Amino acid sequence: AKSKSVIPIEGFDWGQYVGANNLVGAPVSCFKHVPMGNCWGDLEEGLRVEVPNTDTTLSAKVYWVATIVKLTGFKARLRYEGFDSDGNQDFWCNLCVSEVHPVGWCASNGKPLVPPKSIQHKYSNWKAFLVKRLTGAKTLPPDFASKVEESRNYPFKKLMRVEVVDKAHLCRTRVALVEQVIGGRLRLVYEESEDGTDDFWCHMLSPLIHCIGWSRSIGHRFKRSDVSRKTEGQTEAPPQLFLKVKDVDQSGEWFRDGMKLEAIDPLNLSAICVATVRKVLADGYLMIAIDGSEAADGSDWFCYHATSPSIFPVGFCEINNIELAPPRGYTKRPFKWFDYLRETRSIAAPVKLFSKEIPNHGFRAGMKLEAVDLMEPRLVCVATVTRIIHRLLCIHFDGWEDEYDQWVDCESPDLYPVGWCQLTGYQLQPPAAQTTRE
Amino acid sequence: AAEATGRKWEQKQVQIKTLEGEFSVTMWASDDKK
Chain A
1 AKSKSVIPIE GFDWGQYVGA NNLVGAPVSC FKHVPMGNCW GDLEEGLRVE
51 VPNTDTTLSA KVYWVATIVK LTGFKARLRY EGFDSDGNQD FWCNLCVSEV
101 HPVGWCASNG KPLVPPKSIQ HKYSNWKAFL VKRLTGAKTL PPDFASKVEE
151 SRNYPFKKLM RVEVVDKAHL CRTRVALVEQ VIGGRLRLVY EESEDGTDDF
201 WCHMLSPLIH CIGWSRSIGH RFKRSDVSRK TEGQTEAPPQ LFLKVKDVDQ
251 SGEWFRDGMK LEAIDPLNLS AICVATVRKV LADGYLMIAI DGSEAADGSD
301 WFCYHATSPS IFPVGFCEIN NIELAPPRGY TKRPFKWFDY LRETRSIAAP
351 VKLFSKEIPN HGFRAGMKLE AVDLMEPRLV CVATVTRIIH RLLCIHFDGW
401 EDEYDQWVDC ESPDLYPVGW CQLTGYQLQP PAAQTTRE
Chain B
1001 AAEATGRKWE QKQVQIKTLE GEFSVTMWAS DDKK
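Top to bottom, those sequences are chains A and B. Under my numbering, the first residue of the first sequence is numbered 1, with each subsequent residue one higher. Under my numbering, the first residue of the second sequence is numbered 1001, with each subsequent residue one higher.
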């Protein structure tokens, strides 16, 4: 699997990047797992806000009204009222980070609105101007700041114990301790890591983490720790903090060992591969192997839930015009499922067992976002949605070759709106320049 | 989208404070109806 190197962020500015190329950011409402993701729908271009006026000679801090002229994720391009169609003094700010208030906030807090110096003489009656510009316009909800604050609370805390996929052996889980929580992303340090560097990054809603005891309860392989004494302060993360999976009925027709399907390769997320159900676990979980690249001991099997958006029925790629990666070593081209099933004496997993739910996600091809490089999950990178197949998004990392692209579900907690890194204090990986890639 | 998130736009009297004095305007703001 290919992974990227870290690029220093100096010099990258989302506003400039979006403005210079007239790009569109995916709206915050596309990301239900981010702060304000569930109550962003109200915010739109044309909205008026009160912001500090930086174009003044007054010594006291004063404010002025501005209009959102462009909205890109959390970031807004603002224009002070009075500049009309002149965009030369426009500025970008993060609506959840910068000092941006609903109209009326200044009066409530005893702060005066003062027009910018460069347009002070443009109008003789600023009151009449403001009445005309603001009457009937929209402003931020009055509880915007408190909602932002509220939505930035994360239930996971340092020293909580979880079960997480073993990044060196995908077929099993290990106990890990929460070491850091940034914007809902967890840095987990595997128990038994001597120096604390054997870590794994994932979002708290990732399907790769579970409560202590999960592996045992469903029959998943688990690496027992030899840690005899727990450090003080450690607690088990409560089960209710983890992603819930849908209940499934395994009593009727269900997945069986040996059934074939198509699956995103967890070690090469740009590929959807020919795969096999290797073991049926409890609670709807399945151990899946990629045909042709399977270790003899099953150490590279990986666990997907039956309702996972990363597994597909046989024929999904063909129907949707996606390249299906045939099994390594299988030379017959073009790959034909009919022949392959006959030759391997296997059957396709019934179509009705797969999830067909397609959320009204709102993503469009070309939209910009911040996305985790799942091959190096501590990196959050500048990225673009390049293709959409139902609920499946092809994520391209700006500046990198297409071979680094990743197929990601539209509800993945590893996708974030423009400005998320700035909001949470996570380091953003800017687009790669040719020299960096080399 | 506002409907879906439980918010509804409402007309509100909003107070404006300038160096010359205070006045109010009618604007649209959304309230949390959850």
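Ideal Cβ placement from N, Cα and C applies to all residues, glycine included. Keep in mind it's a predicted model, so treat the numbers as computed, not measured.
Terminal residues of the continuous alpha helix (DSSP H) containing ALA107 (chain A)?
Going by DSSP, ALA107 (chain A) is part of the alpha helix (DSSP H) stretching over 105-108.
Can you confirm whether the segment 179-189 of chain A touches the segment 8-27 of chain A when touching is taken to mean that 3 or more C-beta pairs between the two stretches lie within less than 8 Å?
no
Would you please verify whether the beta carbon of PRO417 (chain A) is less than 7 Å from any beta carbon of chain B?
no
Option nearest SER124 (chain A) by Cα separation, candidates B:GLU1020, B:TRP1028 and B:LYS1008
B:GLU1020
CYS273 (chain A) to ASP300 (chain A), Cα distance in whole Å?
Cα-Cα distance, rounded: 14 Å.
To the nearest angstrom, report how far apart PHE335 (chain A) and GLU253 (chain A) are at their CA atoms.
28 Å
Throw me the rounded Cβ distance for the VAL97 (chain A) and LEU423 (chain A) pair, which I believe falls under 8 Å.
6 Å
Contact criterion: CB-CB distance below 7 Å. Does LYS1017 (chain B) meet it with respect to chain C?
The structure shown contains no chain C; its protein chains are A and B.
Is the distance from the Cβ of THR173 (chain A) to the Cβ of SER225 (chain A) below 7 Å?
no
So if DSSP puts ARG48 (chain A) in a beta bridge, which residue, or which two residues, is it bridged to?
A:THR67 and A:THR139
Let me make sure I understand the geometry here. Which of A:LYS147, A:ASP199 and A:VAL148 has the alpha-carbon closest to that of ALA168 (chain A)?
A:ASP199
Return the CA-CA distance between VAL24 (chain A) and LYS368 (chain A), expressed in angstroms with no decimal places.
6 Å
Relative to the alpha-carbon of GLU411 (chain A), which residue among A:ASP283, A:GLU318, A:PHE31 and A:THR135 has its alpha-carbon at the smallest distance?
Of all alpha-carbon atoms in A:ASP283, A:GLU318, A:PHE31 and A:THR135, the one lying nearest the alpha-carbon of GLU411 (chain A) is that of A:PHE31.
Would CYS93 (chain A) and TYR63 (chain A) be called neighbours here (beta carbons separated by less than 7 Å)?
no
What would DSSP say about ILE1016 (chain B), mapped onto helix, strand or coil?
strand
From ARG221 (chain A) to TRP337 (chain A), what distance separates their C-alpha atoms?
31 Å
If you follow the alpha helix (DSSP H) that CYS421 (chain A) is part of, which residue opens it and which one closes it?
420-424
Report the residue from A:ASP405, A:GLY233 and A:ALA137 whose alpha carbon sits nearest the alpha carbon of ARG161 (chain A).
A:GLY233
CB-CB under 7 Å to LYS461 (chain A), same chain, minus the five flanking residues each way: which ones, in chain order?
The structure shown has nothing for residue 461 (chain A), since chain A only spans 1 to 438.
Answer yes or no: do VAL189 (chain A) and LEU177 (chain A) have a C-beta to C-beta separation smaller than 7 Å?
yes
Taking the DSSP output, what are the residues bridged to CYS39 (chain A)?
Looking at the DSSP assignment, CYS39 (chain A) forms no beta bridge with any residue, so it has no partner.
Run of the alpha helix (DSSP H) containing PHE91 (chain A), from where it starts to where it stops:
It is not in any alpha helix (DSSP H) - PHE91 (chain A) instead sits in the beta strand (DSSP E) that spans 91-94.
Mind checking PRO238 (chain A): buried by the 16 CB within 10 Å criterion, or exposed?
exposed
Between which two residues does the alpha helix (DSSP H) holding TRP126 (chain A) run?
126-134
At a threshold of 6 Å, does SER308 (chain A) count as lining the ligand SAH (C-beta to nearest heavy atom)?
Absence of the ligand SAH from the depicted structure is noted, as is the absence of any ligand whatsoever, leaving it without description.
Grab the span of the alpha helix (DSSP H) containing ILE182 (chain A) for me, first residue to last.
Per DSSP, ILE182 (chain A) belongs to no alpha helix (DSSP H); it is in the beta strand (DSSP E), 169-182.
Under 7 Å between the Cβ atoms of GLU376 (chain A) and TRP420 (chain A)?
no
Distance CB(TRP40 (chain A))-CB(VAL28 (chain A)) smaller than 7 Å
yes
Between the alpha carbons of THR384 (chain A) and HIS121 (chain A), how many angstroms are there, rounded?
Cα to Cα, the separation comes out at about 44 Å.
Tell me which residues of the segment 138-150 of chain A have at least one Cβ-Cβ distance to chain B shorter than 9 Å, keeping chain order.
LYS138, THR139, LEU140, PRO141, PRO142, ASP143 and LYS147
Determine which residues share a DSSP beta bridge with LYS246 (chain A) and list them.
LYS246 (chain A) pairs with nothing; no bridge assigned.
Checking 7 Å against the spacing of the C-beta atoms, do ASP409 (chain A) and ARG391 (chain A) come in under that value?
yes
Go ahead and pull the three-state DSSP assignment for LEU269 (chain A).
strand
What span of residues does the alpha helix (DSSP H) with TYR341 (chain A) cover, start to end?
Before going on, a small fix: residue 341 (chain A) reads as Leu here, not Tyr. Where LEU341 (chain A) is concerned, the enclosing alpha helix (DSSP H) stretches over 337-343.
Report the rounded CA-to-CA distance for LEU205 (chain A) versus LYS244 (chain A), giving the unit in angstroms.
9 Å
Mind checking who VAL162 (chain A) pairs with in its DSSP beta bridge?
Under DSSP, VAL162 (chain A) forms a beta bridge with A:ALA176.
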